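The block underneath contains the structure these notes are about, expressed in structure tokens.
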Amino acid sequence: MTGTEKLNWNGYTLVLPSICHCHVGQLAVDTLINTLNMKSVRILNWTCVEPVIAYDPYENTNRENLAFGIEVYEEPSLKILVIQQRGNIVSGKRQEFVDELLTFFKNEQLKEIIVLTAFNAVERNDVQLTGEQFRYLSTTLDSNNLNWIVLEERQDKHHHKIVRDRDRYYIAGGGIANRLFYTTQQSQIPTTILLMFTDIGQEVQHANELLIRLNQWKKW
Numbered sequence: 011m012t013g014t015e016k017l018n019w020n021g022y023t024l025v026l027p028s029i030c031h032c033h034v035g036q037l038a039v040d041t042l043i044n045t046l047n048m049k050s051v052r053i054l055n056w057t058c059v060e061p062v063i064a065y066d067p068y069e070n071t072n073r074e075n076l077a078f079g080i081e082v083y084e085e086p087s088l089k090i091l092v093i094q095q096r097g098n099i100v101s102g103k104r105q106e107f108v109d110e111l112l113t114f115f116k117n118e119q120l121k122e123i124i125v126l127t128a129f130n131a132v133e134r135n136d137v138q139l140t141g142e143q144f145r146y147l148s149t150t151l152d153s154n155n156l157n158w159i160v161l162e163e164r165q166d167k168h169h170h171k172i173v174r175d176r177d178r179y180y181i182a183g184g185g186i187a188n189r190l191f192y193t194t195q196q197s198q199i200p201t202t203i204l205l206m207f208t209d210i211g212q213e214v215q216h217a218n219e220l221l222i223r224l225n226q227w228k229k230w
């Protein structure tokens, strides 16, 4: 599709990667799209994303279809909308990207945003070095029944918690995840970030782990 068609996505859940350390988010989204056999329904012509044109990575039978820098995929029976981002965000335009995303969210009357990303494992604090390597942040989700661990708040050099909301959480190597989470908090948009503490060589394993957690929550 060219992106001119008007489709009804009212109440859909939006899933997208934050381009991040080891590309874990993009790998997870690729797997989600391929597993659910989702179809491309729109190309987003956002000038804040570098243009990309490549062969469709989900098409095995021919090379007629193309993939683009930022593209929307749909699974109507589950009311899932997925954005796959292949082009990097243009330098200095991260806030523009967030603004474009939230405009898209509001215009399409979507239900919630789920972001898949990674945290550079070398930046972990002492508490995070062992045990569970999955964390989440959410403006709405109560994970008590899931036994998930919320990402720990940052501390200053004196081990005091950071007071300013914008700086309370830090996702090292997580791309626009920090900025998006803070902005959606201020706008009261339901947003959940799923992340793994990831090092080089763990990309595929941790992309799959994100999808396991997502399915544990959403039962897709």
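Residue numbers for the sequence shown follow the working numbering, beginning at 11 and rising by one. Every residue, glycine too, gets a C-beta built ideally from N, C-alpha and C. This one's a predicted model, so the numbers in the text were calculated from it and none came from an experiment.
Inset, instruction - Compute the beta-carbon to beta-carbon distance between Pro67 and Asp40, rounded to the nearest angstrom, for a pair I have assumed lies under 8 angstroms. - result: If you number the sequence shown from 1, residue 67 lands on position 57. If you number the sequence shown from 1, residue 40 lands on position 30. With 8 angstroms as the limit, Pro67 and Asp40 qualify as a contact, their Cβ atoms being about 7 angstroms apart.
Inset, instruction - Enumerate in chain order the residues of its own chain whose CB-to-CB distance from Leu8 is below 6 angstroms, with the five nearest sequence positions on each side excluded. - result: Any question about residue 8 goes unanswered here, given that the chain covers just 11 to 230.
Inset, instruction - Could you tell me if the beta carbon of Ala77 falls within a distance shorter than 7 angstroms of some heavy atom in the ligand FAD? - result: Summarising the ligand content, the structure contains no ligands, and the ligand FAD is consequently not present.
Legend entry - Nearest candidate by alpha-carbon position, reference Asn47, set Phe129, Cys32, Lys229 and Glu84: Counting from 1 along the sequence shown, the entry for residue 47 is found at position 37. Cα-wise, what sits closest to Asn47 is Glu84.
Inset, instruction - Run the CB neighbour count on Gln198, radius 10 Å, all protein chains shown included, and call it buried at 16 or more, exposed below. - result: As a first step, residue 198 is located in the sequence shown; it is residue number 188 there, counting from the start. Answer is exposed; the Cβ neighbour count stays below 16.
Legend entry - Where Asn309 falls, given that 16 or more other Cβ within 10 Å makes a residue buried: Summary: the structure shown does not reach residue 309, with the chain confined to residues 11 through 230, and so no result is reported for it.
Inset, instruction - Identify which residue in Tyr192, Leu147 and Phe78 has its Cα closest to the Cα of Arg104. - result: For the purposes of this step, residue 104 is identified with residue 94 of the sequence shown, where counting begins at 1. With distances taken between Cα atoms, Arg104 lies closest to Tyr192.
Inset, instruction - Can you grab the Cα-Cα spacing for the pair Trp158 / Tyr146, in whole Å? - result: The residue given as residue 158 occupies position 148 in the sequence shown. The residue given as residue 146 occupies position 136 in the sequence shown. When rounded, the distance between both Cα atoms is 7 angstroms.
Inset, instruction - Could you give the DSSP three-state label for Ile186: helix, strand or coil? - result: Walking along the sequence shown from the start, residue 186 turns up at place 176. In the structure shown, Ile186 sits in coil (DSSP, three-state: anything other than H, G, I, E or B).
Inset, instruction - Report yes if the CB atom of Gly102 is closer than 8 angstroms to the CB atom of Gly79, and no otherwise. - result: In the sequence shown, counting from the first residue as 1, residue 102 sits at position 92. In the sequence shown, counting from the first residue as 1, residue 79 sits at position 69. No, the Cβ-Cβ distance between Gly102 and Gly79 is not below 8 angstroms.
Inset, instruction - Could you check what DSSP says for Asn130 in three-state terms: helix, strand or coil? - result: The residue labelled residue 130 in the question sits at position 120 within the sequence shown. Strand.
Legend entry - Local conformation of Thr57 per DSSP, three classes: Numbered from its first residue, the sequence shown carries residue 57 at position 47. Note: Thr57 maps to coil in three-state DSSP.
Inset, instruction - Could you round the C-beta distance between Leu156 and Trp227 to whole angstroms and report it? I think they count as a contact, below 8 angstroms. - result: Translated into the one-based positions of the sequence shown, residue 156 becomes position 146. Translated into the one-based positions of the sequence shown, residue 227 becomes position 217. 6 angstroms between Cβ atoms; contact.
Inset, instruction - Please name the residue or residues paired with Pro27 in a DSSP beta bridge. - result: To locate residue 27, count along the sequence shown from 1; it is residue 17. Partner(s): Leu126.
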